[in-house]
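Asker: My structure is below; once you've seen it, I'll send some questions.
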Amino acid sequence: MSSFIGFDAVDALTYETKRGEETRCSFCSNYCVRTFIDLSVKGSKKRFIVAPCEKGTVETKEELRALLRKKSRLKDEFPNLVREANELLFSSYRPEVVLQGGLSALLNRKKRRTLREAVVGVPRVLNAYSLAPFFRTYFEALGVKKVVFSSYTSEELYRKGAKRGSIDPCYPSKVALAHVHELIYEKRVSVVFFPCVRTLPKEVENAEGHWACPTVTATPEVVKAAFTKERDEFAERGVKYLNPVLDFEDEELLSRQLFKAVGPLFGVTRKEHELALKQALGALKTYKEKLRRRGAELLEKLKREKRVGVVLLARPYHNDPGLNHGIPDEINDRGYAVLPVDALPRDEALLNELFKEELKSGRIKSPLEITDVWPKCYSENSSLKVWAARFVSKVPYLSAVELSSFRCGHDAPIYGLIEELLASTGRPFFTFHELDENRPAGSIKLRVETLDYFLKRYEEEVLR
Amino acid sequence: MKVLFGGLTQAHETLISAAVKPLGYEALPLPTPDNEALRIGKEFCNKGQCNPTYYTVGNLLKFLFKKREEGLEVEREFVFVTAGSCGPCRFGMYEAEYRRALKEAGFPDFKVVTFEQARALTDEQEGPLRFDRRFFLSVIKAVFLGDLINDLYYKVKPYELKEGATDLWKERALGLLAEALERGSSVLKALRRVKRELSAVRVNYFTPKPKVKITGEFFAQTTEGDGNYRLAAWLIEEGAEPVVEPVATWIDYLVFVRQLSVKERAFKDRLKAVKELLALKAFGLYLRSLYELYRRALGGKPDPLKSQKKLARYAEPYYDPRIAGGEGHMEVGKHVYAVKHKLAHLVVSVKPFGCMPSTQSDGVQAKVVEDLKGSLFVSVETTGDAEANAKSRVLMKLYEAKELAREEYERAKRELNLTDRRIEEASKRLARADLSLPRRYAATAANALLLV
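The listed protein sequences correspond, in order, to chains A and B. Just so you know, we're using this note's numbering here: the first sequence kicks off at 9 and counts up by one. Just so you know, we're using this note's numbering here: the second sequence kicks off at 15 and counts up by one.
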């Protein structure tokens with residue numbers, strides 16, 4: 009039903025605009041000046057407040073508290089799983105320490121002391137956003153003193169530590185220099201563990217390969233060169249820089265590669281290594297299961313309440329608030345649940361139901377296969393983006409927001425495909441492409457407002 | 015149906031066309047990609063691609079548009095063949111980009127046929143066209159011959175006394191070799207004739223010029239067109255001697271990385287790994303021997319193929335050879351090789367805008383330069399525009415390289431106790447272009463002094 013007040017009322021409408029000290033907001037340290045528009049029609053009055061943020065749209069502390077309560081309730085109901093993923097990614101899975109006594113321990117006591125005293129620093133960049141539980145658990149199981157991660161990316165972190173760069177790759181790779189700088193100069197780690205991850209754990213099935221992006225794989229080598237170019241900054245600070253090539257698609261090979269890098273250095277026996285590795289793989293599995301359980305719960309809720317959720321079609325490192333520029337938070341602030349690709353459930357029954365048509369026609373043999381729409385699926389994170397787009401296209405209460413960094417060579421070839429997949433089913437789809445170190449806060453806000461408008465209409469017209 | 019292909023140099027493409035003719039293929043090389051091809055590529059491809067995608071896809075479309083205007087039914091008349099890969103860089107995704115752009119440009123039924131480059135060396139691949147061992151060996155032969163002709167051309171052209179003489183020789187040489195490949199007659203005999211023809215070209219090898227090694231991403235370093243601002247030809251105009259990379263190095267690299275991969279996974283089935291390694295080694299040996307045989311037939315003047323083991327050893331402290339994608343560790347390895355083996359005074363690494371592996375390997379080159387005291391290295395990104403910017407960067411380094419070449423020449427003169435008069439007299443006697451020069455110094459002129 010229309011809320012239009014009628015032409016007679018419009019003719020009688022009067023308004024007054026106020027903007028000055030009396031309209032200044034005091035709910036935060038910015039003290040912004042707002043615009044109050046007081047409308048009056050046939051004795052009834054209404055005030056509209058034009059303010060740069062949501063807090064400014066109310067006048068009293070009670071109103072503010074009510075607003076925040078409402079927002080918090082909404083966030084609890086429809087959370088941002090990107091934040092939850094980050095919490096799960098970087099927390100400890102409390103493994104059992106596997107170091108044993110015996111002759112080997114005696115012979116390697118010096119190396120093992122170094123291991124026990126080691127503070128292992130892992131840059132919170134790139135593949136850490138898919139593999140951190142593995143890295144942390146492995147070293148904790150080996151009994152190191154502590155595993156620390158660098159901070160999330162921020163302008164300050166980048167400014168402080170990225171001066172050594174001599175090339176201009178994508179921002180997610182470029183910023184790695186700053187993270188390693190923080191680890192060695194501020195977090196004072198004794199070991200930097202920054203592996204060249206060549207392949208990722210297999211998720212997409214019947215794929216041509218499971219490669220990590222070549223820019224990502226080679227970044228640890230570029231970082232090493234930058235810190236040892238004129239003088240060896242690692243040696244000066246007594247830091248051991250470990251960047252072995254690792255293949256997560258093949259656990260047997262991974263075990264050998266990791267043991268070769270860590271075993272002899274810290275006097276770890278093969279058995280101890282294998283026990284630590286087992287726990288590390290277990291932690292990675294637990295992380296994914298927990299996150300996907302949350303994803304499944306959320307999907308149920310969205311369906312039940314006829315609400316639309318937003319799937320973030322992005323690479324895992326776009327979980328970094330310094331790289332995603334707060335876009336998931338902005339969307340979540342407006343009451344929409346946000347799900348990263350990793351949070352989409354992999355429950356067999358659900359997937360078989362979603363992809364039944366393709367499975368029945370024989371176009372795919374598994375619901376986690378995408379060869380029918382993207383035969384060149386060898387880049388695992390690209391393949392997962394395509395798969396997630398297809399997932400969204402099957403679920404009416406989901407929409408998609410694609411994030412992509414400037415110069416992303418593996419995103420470029422799938423832009424068109426993702427658009428086609430989503431457009432074919434009329435799912436709401438928005439893009440934030442070519443993200444880099446600059447945070448265009450204003451334009452992000454505007455675009456999220458547009459997104460909000462479309463999603464509201466989608467909920468009203470399609471879901472209800 | 016004519017088979018379209020491209021992406022290499024004119025020499026390679028002429029010889030490949032001839033080599034596959036006896037196998038029943040009518041192969042037609044596409045023209046060298048230019049900036050018009052880049053523009054068309056940008057119009058029909060996804061945004062954000064690396065520029066070899068735009069150049070090569072645009073080049074095919076440009077050709078098809080032209081043929082359509084001429085009234086040909088291009089979807090019936092032609093099929094396009096290209097190499098493909100299974101990652102990790104986006105080169106493997108070109109195939110999808112070709113198909114997408116062809117559809118967008120109004121050729122939805124145009125056939126693109128790919129063969130997997132890494133498997134091409136050992137496995138037969140069936141498809142709309144048959145890629146069997148005979149096919150690949152014929153192509154490899156043609157590629158090697160093209161490499162050797164290019165090598166000689168760039169060794170001679172900067173020193174020719176009569177402008178254009180080397181170009182005429184190259185044309186004749188390609189004609190002779192193409193004829194031999196087409197007829198199935200002796201390639202060695204043809205090569206010896208090519209060498210004899212080269213002796214007719216007159217040169218002055220006693221002019222000190224800097225040698226400039228061109229490395230970088232495969233397309234950018236290989237193309238002879240706008241894709242690298244016609245770098246090799248421009249370097250000659252600027253008074254330098256370009257050293258181009260043979261495509262054979264890439265083929266050799268594919269065999270080498272396959273060996274690395276087998277070795278890494280050998281623990282799973284040692285017997286199978288040994289068998290595969292032996293087969294790969296035998297194949298590698300065959301390839302290198304073939305290249306060496308042809309090289310010797312040309313009097314040993316072209317450079318021998320670089321040892322892949324050496325390239326990997328040189329690169330390893332900076333860039334792990336197991337990191338795949340693009341040229342992998344080779345860009346770093348070639349830089350170190352060029353300095354250690356006095357192959358060049360200056361190394362120019364060319365990469366297209368948006369090339370992921372090449373940008374990263376450039377990231378370690380600053381340390382390589384620092385460690386190899388005295389190395390002159392410049393990396394340029396080719397975007398299609400910004401030609402003046404890229405060339406001015408090279409020119410700055412080229413100035414230093416010219417100084418180095420001159421100093422080296424003067425030093426050689428002193429070491430060999432030679433006067434200008436003796437050199438001038440010798441230069442008349444030693445003016446045959448086919449002369450094989452010793453390899454003690456980097457500069458051709460300094461090495462020529464060893465013959466005085």
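Idealized CB from N, CA, C, for every residue including glycine.
Tell me which residue opens and which closes the beta strand (DSSP E) that residue 54 (chain A) is part of.
Answerer: Per DSSP, residue 54 (chain A) belongs to the beta strand (DSSP E) from 52-58.
Asker: From the DSSP secondary-structure annotation, give me the bridge partner or partners of residue 4 (chain B).
Answerer: The structure shown has nothing for residue 4 (chain B), since chain B only spans 15 to 466.
Asker: Could you tell me which uninterrupted alpha helix (DSSP H) segments, each at least 4 residues in length, are contained entirely in the stretch 352-418 of chain A, listed from first to last along the chain?
Answerer: Counting whole runs of 4 or more residues, the stretch 352-418 of chain A contains the alpha helix (DSSP H) stretches 356-362, 364-369, 388-402.
Asker: For residue 94 (chain B), report the span of its beta strand (DSSP E) as first-last.
Answerer: Its beta strand (DSSP E) spans residues 92-98.
Asker: With distance defined between alpha-carbon atoms, name the residue in B:63, B:73, B:121, B:111 nearest to residue 88 (chain B).
Answerer: Among B:63, B:73, B:121, B:111, the Cα nearest to that of residue 88 (chain B) is on B:121.
Asker: State yes or no: is the beta carbon of residue 49 (chain B) nearer than 7 Å to at least one beta carbon in chain A?
Answerer: So, not an interface residue.
Asker: Could you say which of A:182, A:178, A:157, A:177 lies nearest to residue 169 (chain A) if we only look at CA atoms?
Answerer: Checking every option, the nearest Cα to that of residue 169 (chain A) belongs to A:182.
Asker: For residue 119 (chain A), I'd like the list of residues in its chain whose CB is within less than 6 Å of its CB, leaving aside the five on either flank, ordered along the chain.
Answerer: The answer, listed in chain order, is 274, 275.
Asker: Give the single residue among B:240, B:449, B:322 whose Cα lies nearest to the Cα of residue 400 (chain B).
Answerer: Nearest C-alpha to residue 400 (chain B): B:240.
Asker: Give me the Cα-Cα distance between residue 473 (chain A) and residue 279 (chain B), rounded to the nearest whole angstrom.
Answerer: Nothing about residue 473 (chain A) can be read from this structure; chain A reaches only from 9 to 472.
Asker: Identify each residue in the stretch 332-344 of chain B for which the Cβ-Cβ distance to at least one residue of chain A is less than 8 Å, and report them in chain order.
Answerer: Per Cβ criterion, the list reads 332, 333, 334, 336, 337, 338, 339, 340.
Asker: Run down chain B in chain order and give the residues with a C-beta less than 7 Å from the C-beta of residue 34 (chain A).
Answerer: Residues of chain B passing the Cβ test: none, with the nearest at roughly 45 Å.
Asker: Within a Cβ cutoff of 8 Å, which residues of the same chain sit near residue 473 (chain A), ignoring the five residues on either side of it in sequence?
Answerer: What the structure shows of chain A is the stretch from 9 to 472, and residue 473 (chain A) is not part of that stretch, so it cannot be assessed.
Asker: Could one say the Cβ of residue 410 (chain B) lies closer than 7 Å to chain A's Cβ atoms, at least one of them?
Answerer: No, no contact with chain A.
Asker: Within this structure, are the beta carbons of residue 27 (chain A) and residue 33 (chain A) separated by less than 7 Å?
Answerer: No, Cβ-Cβ distance for residue 27 (chain A) and residue 33 (chain A) is not below 7 Å.
Asker: If we define contact as Cβ-Cβ less than 7 Å, is residue 253 (chain A) a contact residue for chain B?
Answerer: Chain B contact via Cβ: present.
Asker: Is the stretch 38-50 of chain B touching the stretch 431-448 of chain A, taking contact as three or more C-beta pairs under 8 Å?
Answerer: Cβ pair count under 8 Å is below three, so no.
Asker: Can you check the stretch 262-317 of chain A for any alpha helix (DSSP H) of at least 4 residues that lies completely inside it and give the ranges in chain order?
Answerer: As far as the stretch 262-317 of chain A is concerned, its whole alpha helix (DSSP H) runs of at least 4 residues are 278-312.
Asker: Name, please, each residue of chain A whose Cβ falls closer than 7 Å to the Cβ of residue 181 (chain B).
Answerer: Ordered by position in chain A, no residue passes the 7 Å Cβ test against residue 181 (chain B), which lies about 37 Å from the chain.
Asker: So, helix, strand or coil for residue 166 (chain A), using DSSP?
Answerer: Helix, per DSSP.
Asker: Roughly how many angstroms separate the alpha carbons of residue 143 (chain A) and residue 379 (chain B), rounded to a whole number?
Answerer: Rounded to the nearest angstrom, the two C-alpha atoms are 29 Å apart.
Asker: Please check if any C-beta of chain A sits within less than 7 Å of the C-beta of residue 377 (chain B).
Answerer: It does; some Cβ of chain A falls within 7 Å.
Asker: Does the beta carbon of residue 110 (chain B) come closer than 7 Å to any beta carbon on chain A?
Answerer: Yes, its Cβ sits closer than 7 Å to a Cβ of chain A.
Asker: Using a Cβ-Cβ cut-off of 7 Å, state whether residue 203 (chain A) counts as contacting chain B.
Answerer: Answer no: the Cβ-Cβ gap between residue 203 (chain A) and chain B never drops below 7 Å.
Asker: Can you tell me whether residue 184 (chain B) is buried or exposed? The criterion is at least 16 other CB atoms within 10 Å of its CB, across all chains shown.
Answerer: The residue is buried, with at least 16 neighbouring Cβ atoms inside 10 Å.
Asker: Assess contact between the stretch 392-410 of chain A and the stretch 420-430 of chain A, defined as three or more Cβ pairs (one per stretch) separated by less than 8 Å. Is contact present?
Answerer: The stretch 392-410 of chain A is in contact with the stretch 420-430 of chain A.
Asker: Along the chain, where does the alpha helix (DSSP H) containing residue 308 (chain B) start, and where does it finish?
Answerer: Per DSSP, residue 308 (chain B) belongs to the alpha helix (DSSP H) from 284-311.
Asker: For the structure I just gave you, are there three or more beta carbon pairs, one from the stretch 78-95 of chain A and one from the stretch 330-339 of chain A, closer than 8 Å?
Answerer: With the cut-off at 8 Å, the stretch 78-95 of chain A and the stretch 330-339 of chain A touch.
Asker: Is the beta carbon of residue 290 (chain A) closer than 7 Å to that of residue 281 (chain A)?
Answerer: Their beta carbons are not under 7 Å apart, which means residue 281 (chain A) does not touch residue 290 (chain A) by this criterion.
Asker: Can you look up residue 67 (chain B) in the DSSP assignment and give me helix, strand or coil?
Answerer: Residue 67 (chain B): helix per DSSP, three-state reduction.
Asker: Verify the CB distance criterion: does residue 305 (chain A) have a CB-CB separation below 7 Å to chain B?
Answerer: Not an interface residue.
Asker: Mind pulling the chain B residues with CB within less than 9 Å of residue 261 (chain A)?
Answerer: The contacting residues are 278, 279, 281, 282.
Asker: The alpha helix (DSSP H) spanning residue 23 (chain A) covers which residue range?
Answerer: Looking at the DSSP string, residue 23 (chain A) is not in any alpha helix (DSSP H); the run it does join, the beta strand (DSSP E), is 22-26.
Asker: Can you find the residues in the same chain that come closer than 6 Å, C-beta to C-beta, to residue 95 (chain B), ignoring five residues on each side of it along the sequence?
Answerer: 17, 19, 127, listed in sequence order.
Asker: Short check: CB of residue 404 (chain B) to CB of residue 394 (chain B), under 7 Å?
Answerer: Their beta carbons are under 7 Å apart, which means residue 404 (chain B) touches residue 394 (chain B) by this criterion.
Asker: Out of B:361, B:70, B:92, which one is the CA nearest neighbour of residue 108 (chain B)?
Answerer: Answer by Cα proximity: B:70.
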